[in-house]
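Beneath this line is the structure, given in structure tokens, with notes to follow.
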């Protein structure tokens, strides 16, 4: 049998378990909390006080104004504490400040190539964070954690990038250690498509247990939510579908050195390359998006074929994972229905009925905010976890 | 933010949370339990008594013999209560009695085609269960639950088979309701490959977070453990890789009506058919196994090619799930290294290094016991869950 997590509810640590009850935001009285936990009223009082001191819980409701009597209801304080989130892309860095419900309070975006290396890029994150907090009239003492998305493979447990192809200088760099030294807060690091999946899930599909988020941009990758939980796999490479090989792609060389990879057939640059080969003057994925929006038939046809190629791989994903929602996101998803149509055409005809009868294939709702919302969620979930609260109480 | 499970630790229900601490089997004193939970010694005493009355917890250690003093240490009582488990295959039914650690105490196996329909098959399970319990000098009052594996798609939440192709009469049949009427215990139902994955995981790979169990027998299917948890997907069809289509299989008709499905290329009957087409006299998968064991070169070559075909699909599974272990089980896995060699040949050459550098591809350790161990685990995990214990306490 699995060994259950040992529940420590004695001493200050008990406040952490009490907080888990209050995380849903619903106000509760001390008496209700005592009844829910079986703890003495006096113990509940001490633990609520500890949480109020940390700014995590606040009195709510009419009783606040009732003179000398202590307030009778308490709930999560959504913005007494904050988190930071950074989406570091190949060329841009976006930084936001969010409250404890994941609502974005302030944001900045700047051109900042990830190839500048970890220290210049993270220094820019620190500068932006400080400015954003100042603009909100808040400071770093209010911040519980930072979530960071990187455009490459990340060992989530240690927060290090692992052999990232487009990130010179980042391989093995200890992001949490650097952040701890410069901001004094915990950093949670993951790859960009994982945090996009988390952001999309939390924003638009909170009750969906099984969701596959597919990013189609400079590369192609996916983030997997199974059983309501992001699945990273044994080495953090789960969802890495960009290098699955397609029979149709025989001979097409991929950046990974193999041939016929999905990414070499259906990414933004790959579609642009195919259009150039057909005589269309186009360099980037964004220009492909612009052509599709302008109604260019060649571009529409190329995007639809890319959707079919992605659909070939997603058909296997559907058999394996049986998701109820597939979300297409990333910059190329901005082309809208044409990409979706190609994906749907292949997935719905190539899968067994049981796996597709309740399957939706849709465009991202979170769109360009998916990553920063996801990085906020990553930071919040860690900071407000039992272990996170225990650390705050001990700190 | 996700709403955390409301922790109810008041009243009798509190004994359930206390039990979760004791599930690991380690003996603890009342004082240790009080310190771990923050509860009063007297409350701990009442809850321990409630668990002793249910036969879930027993006194252990030297203090038992110390005259009038109450015993000071308590632990899970592994065999004061039992579970039943049934593996219902296409042609055979295996029933076992297990203790609360999943150890098999007694077993029976009989020829019993699933096609006889639910009532005759389940009646046989009841008869076998009664006889096995009698042989152990125990009775149904000692049994907490039964886990049942069916050879087809199952809606796990309701325990109903859904459009099972080889199970006439079973479609929509309410197994838990029937079991409740005839045995008066909860029934947990799942498909055979899911319970095999659970059994293999618990027996041989308990600490592995990401495991893919592949059954190769009359059909081909898989069970997915991600994040330590069995993943069933939105409709319970996760892992259903038998109908992924292979380019090499163009024109080969599958039982599902499509062509080129993995199952039509690499299952036991499919390998036998290919050998017959090559002039070898062979009817069943078991005969193929026998030929391979006898060193027949054609059979070895066919099995190795089946391994490569399975490897083609598993390469995508590895990219998507990033497991650290792939286990090959089911009757065809008895051929041993030849099937494994084909799978390894394709998976290790066709995947990105990050996903395969720590990947083991091995033969099932649990072998023919995988299903009954898994069905026992399914029953135990449900019966000893907080909700299961709460139900017992409520009587």
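Chains as they are written, first to last, in my numbering: chain C, 1 to 395; chain E, 1 to 395. Glycine included, each C-beta is placed from N, C-alpha and C at the ideal position.
Length of the line joining the Cα atoms of residue i and residue j
| i | j | result |
| --- | --- | --- |
| residue 385 of chain E | residue 391 of chain E | 10 Å |
| residue 267 of chain E | residue 176 of chain C | 48 Å |
| residue 2 of chain E | residue 24 of chain C | Confidence at residue 2 of chain E is low in this model, with a pLDDT of 39, below 50, so its placement is unreliable and the value that follows should be read with caution. In a straight line, the C-alpha of residue 2 of chain E is about 7 Å away from that of residue 24 of chain C. |
| residue 213 of chain E | residue 223 of chain E | 5 Å |
| residue 404 of chain C | residue 383 of chain C | Residue numbering for chain C in the displayed model covers 1 to 395; residue 404 of chain C lies beyond these limits and cannot be assessed. |
| residue 228 of chain C | residue 55 of chain C | 28 Å |
| residue 124 of chain C | residue 76 of chain E | 55 Å |
| residue 298 of chain C | residue 278 of chain C | 8 Å |
| residue 322 of chain E | residue 237 of chain C | 6 Å |
| residue 402 of chain E | residue 49 of chain E | Since the first and last residues shown for chain E are 1 and 395, residue 402 of chain E lies out of range. |
| residue 242 of chain C | residue 355 of chain E | 13 Å |
| residue 167 of chain C | residue 305 of chain E | 40 Å |
| residue 194 of chain E | residue 170 of chain C | 40 Å |
| residue 358 of chain E | residue 308 of chain E | 20 Å |
| residue 153 of chain E | residue 155 of chain C | 36 Å |
| residue 181 of chain E | residue 387 of chain E | 21 Å |
| residue 318 of chain C | residue 347 of chain C | 8 Å |
| residue 139 of chain C | residue 35 of chain C | 37 Å |
| residue 120 of chain C | residue 37 of chain E | 48 Å |
| residue 252 of chain E | residue 258 of chain E | 8 Å |
| residue 320 of chain E | residue 94 of chain E | 34 Å |
| residue 265 of chain E | residue 294 of chain C | 46 Å |
| residue 149 of chain C | residue 196 of chain C | 9 Å |
| residue 285 of chain C | residue 270 of chain C | 8 Å |
| residue 189 of chain E | residue 90 of chain E | 16 Å |
Identified DSSP bridge partners for residue i
| i | result |
| --- | --- |
| residue 59 of chain C | C:74 |
| residue 414 of chain E | Any answer about residue 414 of chain E is impossible in this case: the structure gives chain E only from 1 up to 395. |
| residue 261 of chain E | E:245 |
| residue 90 of chain C | Answer by DSSP bridge pairing: none, since residue 90 of chain C is not bridged. |
| residue 174 of chain C | C:160 |
| residue 328 of chain C | C:214, C:363 |
| residue 150 of chain C | C:191 |
| residue 253 of chain E | E:259 |
| residue 29 of chain C | C:73 |
| residue 106 of chain E | E:97 |
| residue 111 of chain E | E:92 |
| residue 155 of chain E | E:160 |
Proximity winner among the options, relative to residue i (alpha-carbon distances)
| i | options | result |
| --- | --- | --- |
| residue 92 of chain E | E:290, E:109, E:285, E:318 | E:109 |
| residue 101 of chain C | C:154, C:31, C:374, C:193 | C:374 |
| residue 371 of chain E | E:234, E:115, E:147, E:159 | E:147 |
| residue 235 of chain C | C:17, C:191, C:134, C:40 | C:191 |
| residue 288 of chain E | E:316, E:338, E:251 | E:338 |
| residue 246 of chain C | E:189, E:313, E:271, E:276 | E:313 |
| residue 17 of chain E | E:53, E:27, E:336, E:33 | E:33 |
| residue 27 of chain E | E:78, E:53, E:41, E:43 | E:78 |
| residue 342 of chain C | C:388, C:301, C:106, C:379 | C:301 |
| residue 83 of chain C | C:96, C:72, C:74, C:90 | C:96 |
| residue 178 of chain E | E:211, E:118, E:325 | E:118 |
| residue 377 of chain C | C:334, C:127, C:202 | C:202 |
| residue 395 of chain E | E:184, E:36, E:73 | E:184 |
| residue 369 of chain C | C:284, C:104, C:218 | C:104 |
| residue 208 of chain C | C:41, C:189, C:326, C:20 | C:326 |
| residue 363 of chain C | C:379, C:351, C:333 | C:333 |
| residue 199 of chain C | C:380, C:127, C:280, C:275 | C:380 |
| residue 273 of chain C | C:130, C:113, C:303 | C:303 |
| residue 220 of chain E | E:51, E:311, E:133, E:136 | E:311 |
| residue 53 of chain C | C:86, C:15, C:43, C:87 | C:15 |
(message) I'd like the ranges of any alpha helix (DSSP H) spanning at least 4 consecutive residues and lying wholly in the segment 177 to 238 of chain C.
(response) 192 to 204
(message) Which residues of the segment 152 to 164 of chain C have a Cβ closer than 8 Å to any Cβ of chain E? Give them in chain order.
(response) Listed in sequence order: 153, 162, 163.
(message) Any C-beta of chain C within less than 9 Å: which residues of the segment 346 to 368 of chain E qualify?
(response) 350, 351, 352, 353, 354, 355, 357, 358, 359
(message) If the cut-off is 8 Å on Cβ atoms, which residues from the segment 303 to 327 of chain C count as contacting chain E, listed in chain order?
(response) Listed by position along the chain: 313, 315, 316, 317, 319, 320, 321, 322, 323, 324.
(request) With 8 Å as the limit, tell me which residues of the segment 222 to 256 of chain C have their beta carbon closer than that to any beta carbon of chain E; keep them in chain order. (result) 222, 224, 226, 227, 228, 229, 231, 232, 233, 234, 235, 236, 237, 238, 239, 240, 241, 243, 244, 245, 247, 256
(message) Please list, in chain order, the residues of the segment 39 to 56 of chain E that have any C-beta partner in chain C closer than 9 Å.
(response) Within the segment 39 to 56 of chain E, the qualifying residues are 39, 40, 43.
(message) If the cut-off is 8 Å on Cβ atoms, which residues from the segment 13 to 31 of chain E count as contacting chain C, listed in chain order?
(response) 14, 17, 20, 21, 23, 24, 25
(request) With 7 Å as the limit, tell me which residues of the segment 209 to 220 of chain E have their beta carbon closer than that to any beta carbon of chain C; keep them in chain order. (result) 209, 210
(request) Go through the segment 255 to 312 of chain C residue by residue and report every complete run of the alpha helix (DSSP H) that reaches 4 residues or more, in order. (result) If we require 4 residues or more, the alpha helix (DSSP H) runs fully inside the segment 255 to 312 of chain C come out as 262 to 266, 268 to 277, 285 to 293.
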